[in-house]
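Working notes for the structure below.
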Amino acid sequence: MVADHITFGIRSALRESSTAFGISTIETDTYHTLWMRGEREKIPGDIQRYALKLLGKPRHIGTHPGGVVITPEPITAYTPVQPSALNRPVIAWEKEGTEEAGLVKIDLLGNRSLGVLRDSIAVINERYSTSLEWDLFSPQGDPETEKDIARGDTLGVFYIESPATRQLLKKMSMGDYEHLIIASSIIRPAASGCIHDYVKRLKGQKFTPYPEPAGSILADNLGVMVYQEDVARIARKVAGFSYGEADSLRKLLSKRNREERLRRIEQRFRAGARRNGFSKDAMDHLWSGILSFEGYSFSKAHSASYALVSFKLAWVKNRYPLVFYTSVINNGGGYYDRQVYIDAVRRMGFPVLPADINRSMIRYTCTENTLVTGLGQLKGISEACLEKIINEREENGMFRDIFDFYDRVDPVFESVRILTRSGTLDSIADSYTRPQLLWLFYARDKEASLFVEKPRIPESLGDYSDAVKLTDEIRTLGIIIHRHPLEIFRGRIDRLSKVLGGYPVVDSRSLDRWAGKEVYIPGILVTAKGIETKSRREMSFISFEDAYGIFETVMFPHFYSRERWKLYSGAAFFIFGRVENDFGALQIQVKELLALNKRNKYALISR
């Protein structure tokens with residue numbers, strides 16, 4: 003495998019520097035928080051000074067996610083090799099060094115979404131007596147699927163579920179396969195200007211095509227460079243590059259430390275374009291379009307193959323939504339945490355049932371209209387224990403009661419504790435409360451013959467409160483099954499709504515009615531994407547969710563630098579900002595954040 007050279011970031015640099023001075027991890031985390039708040043003067047000078055010296059320096063060797071090197075002779079004849087943490091052989095070089103050394107590197111990447119498609123079709127064929135073949139069926143052109151894509155209703159759909167892509171799809175309002183190919187390719191790191199131009203032109207804004215031959219090359223894309231082929235064709239036809247030179251430019255755009263070489267190629271490009279009669283303004287725009295491919299970009303064939311998988315999955319989601327989301331969850335989710343997909347299932351009107359000792363399999367399952375939580379969602383129970391439960395159930399039938407379960411499975415206490423506190427044993431508990439189930443296990447452990455007659459439970463042993471049960475659900479499952487996470491904070495939200503006068507308190511369903519106005523809206527943070535502006539300042543696009551859906555926000559550099567330390571997955575806020583409507587895509591420019599919870603995920607502070 004190809005190596006990945008891991009360098010010190012600010013958190014690890016502060017931790018390493020603090021360790022050298024004998025400072026605890028707790029204090030180190032405080033220093034990181036101060037750094038993120040911009041309060042660096044509160045960090046001891048020596049610790050800060052040495053941390054800055056470490057920043058960006060090599061820390062350890064990791065493993066590239068898919069880079070494999072193939073050599074005609076044993077690899078050790080070309081480079082040193084060491085075992086990775088998973089005991090896989092890793093070479094000394096990262097991807098750039100590997101290529102510079104002349105070694106052949108092939109990226110072998112898995113795609114979980116193919117598993118989603120495979121599993122969905124297997125269930126559909128079995129349950130509905132269809133004969134779909136995942137690699138052959140072609141739903142392109144299906145009008146209902148196109149409507150979903152045009153609305154950006156693509157949560158869970160491979161490659162087109164990220165906030166940026168769903169916002170782009172809403173702006174384009176085009177759900178056909180050809181436009182999906184364009185959307186899949188134009189949504190790249192450096193292409194914000196190209197995206198804006200393309201959407202405006204798609205909506206009818208007139209534009210002046212480039213002089214020939216550039217105008218013809220980009221005609222199908224409304225004068226915007228979309229695919230890698232566009233870069234190569236423009237370089238060849240406009241500036242006179244050879245095929246090899248054009249391909250070298252394409253490759254260079256994705257490399258690190260490319261600035262100096264790009265400057266030389268830019269001079270060569272401008273000289274060639276000038277000879278072919280292009281004005282400075284046209285050259286500036288064309289070169290800007292080429293630079294929009296920095297970081298990574300795709301060929302049309304790559305985008306078309308991705309878009310085909312996306313369209314197939316969007317079709318499955320439209321026709322069989324519960325089967326689709328069950329498969330998404332079972333294959334490790336997608337862009338978002340599992341909680342987001344469970345919330346989506348609940349919003350569609352399907353009941354979500356908790357883990358149950360007699361009903362649940364290890365993976366999530368679904369009936370015609372119900373999602374059933376899998377036992378594999380439980381945290382801290384061994385796979386061997388889960389398999390024993392399933393095997394025992396299949397061989398000898400359902401568990402009749404808690405005594406039958408204890409006798410047949412003979413679980414260890416930690417497994418019983420998790421099964422009990424999560425509510426997984428509730429269906430066989432009869433009239434026993436959860437604390438009483440644990441007491442029964444202790445009693446059984448002390449006296450093997452205790453269950454000849456049902457034991458007498460201490461009268462003082464009552465049930466857990468609803469708040470404790472909710473906390474247990476979060477701790478044992480890592481998710482909330484019975485309600486949306488934001489409902490934990492309903493009491494505080496209601497109180498804040500009464501005291502925050504002057505602006506409306508809204509939810510995600512009604513944001514379109516408040517475009518151009520300032521509002522308050524409560525939400526749970528589900529994902530964030532930080533970017534760097536041209537002035538090298540950080541800002542962020544952050545997705546929040548309420549009980550009715552996901553809504554998008556933007557935090558500009560001044561606000562983000564001040565508030566970023568508050569932001570983490572699962573954080574709950576009362577958000578104040580201005581609603582913006584960009585070609586039908588709604589976004590809130592955040593101006594104030596009122597935290598609803600403490601640092602721990604879904605903390606119960608509604609008091």
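Numbering (this note's numbering), first residue to last: 3 to 609. Heads up, the beta-carbon is just placed ideally off N, CA and C, and yes, glycines get one too. Just so you know, these numbers come straight off a predicted model, no measurement behind them.
Contact belief for Trp-547 with Asp-339 at Cβ below 8 Å, rounded distance in angstroms: It is worth fixing the name first, because residue 547 is Glu in this sequence and not Trp. Their Cβ separation, rounded to whole angstroms, is 10 Å, which puts Glu-547 and Asp-339 out of contact at 8 Å.
8 Å contact criterion, which Thr-167 and Ala-185 should meet: CB distance rounded: 7 Å
Taking the straight line between their C-alpha atoms, what separation do you get for Ala-216 and Lys-149? 33 Å
Could you give the DSSP three-state label for Val-83: helix, strand or coil? strand
Does DSSP put Asn-583 in a helix, in a strand, or in coil? strand
For Gly-64, report the span of its beta strand (DSSP E) as first-last. 60-65
C-alpha distance - Lys-302 paired with Lys-282, whole-angstrom precision: 29 Å
For the putative contact between Gly-351 and Ile-364, defined by C-beta atoms under 8 Å, what is the C-beta separation to the nearest angstrom? Incorrect: roughly 26 Å between the Cβ atoms, too far for contact.
Return the CA-CA distance between Ser-122 and Ala-306, expressed in angstroms with no decimal places. 22 Å
Taking the alpha-carbon positions, what's the Ala-15 to Lys-55 distance? 8 Å
Unbroken stretches of the alpha helix (DSSP H), 4 residues or longer, contained in the region 267-316: 282-293
Counting C-beta neighbours from all protein chains within 10 Å, is the total for Ile-8 16 or more, i.e. buried, or is it exposed? exposed
For Met-557, count neighbouring C-beta atoms within 10 Å of its own C-beta (all shown protein chains included) and say buried if the count is 16 or more, exposed if not. buried
Once you ignore the five residues that flank Thr-156 on each side, which residues in its own chain have a CB closer than 8 Å to its CB? Asp-150, Ile-162, Glu-163, Thr-167, Arg-168, Leu-171, Ser-312, Ala-316 and Lys-319
Specify, as a first and last residue, the run of the alpha helix (DSSP H) that Met-38 falls within. 27-39
Nearest to Asn-371 by alpha carbon, out of Ser-218, Leu-569, Pro-46 and Arg-129? Arg-129
From Asn-398, Gly-504 and Arg-511, pick the residue whose C-alpha is nearest to that of Tyr-550; which is it? Arg-511
DSSP state of Asp-468, grouped into three classes? helix
Out of Asn-599, Ile-236, Leu-255 and Thr-100, state which residue places its alpha-carbon closest to the alpha-carbon of Gly-493. Asn-599
Count the other C-beta atoms from every protein chain shown that fall within 10 angstroms of the C-beta of Ala-587, then say buried if there are 16 or more, exposed otherwise. buried
Assess contact between the region 75-83 and the region 39-46, defined as three or more Cβ pairs (one per stretch) separated by less than 8 Å. Is contact present? no
Given Leu-220, which residues of its chain have a CB within under 6 Å of its CB, disregarding the five upstream and five downstream residues? none
Please work out which residues of its chain come closer than 7 Å, Cβ to Cβ, to Pro-457, disregarding the five sequence neighbours upstream and downstream, and give them in chain order. Leu-442 and Ala-445
Pull up the distance between the alpha-carbon of Asp-465 and that of Thr-478, whole angstroms please. 18 Å
Can you give, in chain order, each stretch of the beta strand (DSSP E) that sits fully within the region 351-397 and has at least 3 residues? none
Between the alpha carbons of Gln-269 and Phe-243, how many angstroms are there, rounded? 12 Å
Count Cβ pairs between the region 318-336 and the region 244-254 that sit closer than 8 Å; are there 3 or more? no
contact_flag[the region 469-484, the region 552-570] where n(CB pairs < 8 Å) is 3 or more: no
Looking only at its own chain, which residues have a Cβ that is under 7 Å from the Cβ of Ile-331, when we skip the five neighbours before and after it? Arg-340, Tyr-343 and Tyr-366
According to DSSP, is Ser-218 helix, strand or coil? helix
From Gly-11 to Ala-597, what does the alpha carbon distance come to, in whole angstroms? 27 Å
According to DSSP, is Glu-547 part of a helix, a strand, or is it coil? strand
Quick one: using the 10 Å Cβ neighbour count with 16 as the cut-off for buried, is Asn-333 buried or exposed? buried
Taking buried to mean at least 16 other C-beta atoms within 10 Å of its own C-beta, is Ser-451 buried or exposed? Note that Ser-451 scores a pLDDT of 49, beneath 50, so its modelled location is shaky; the value from the coordinates is reported in the next line. Result: exposed.
Measuring alpha carbon to alpha carbon, tell me which residue in Val-106, Phe-280 and Pro-67 is nearest Pro-211. Phe-280
For Met-174, which of helix, strand or coil comes out of DSSP? helix
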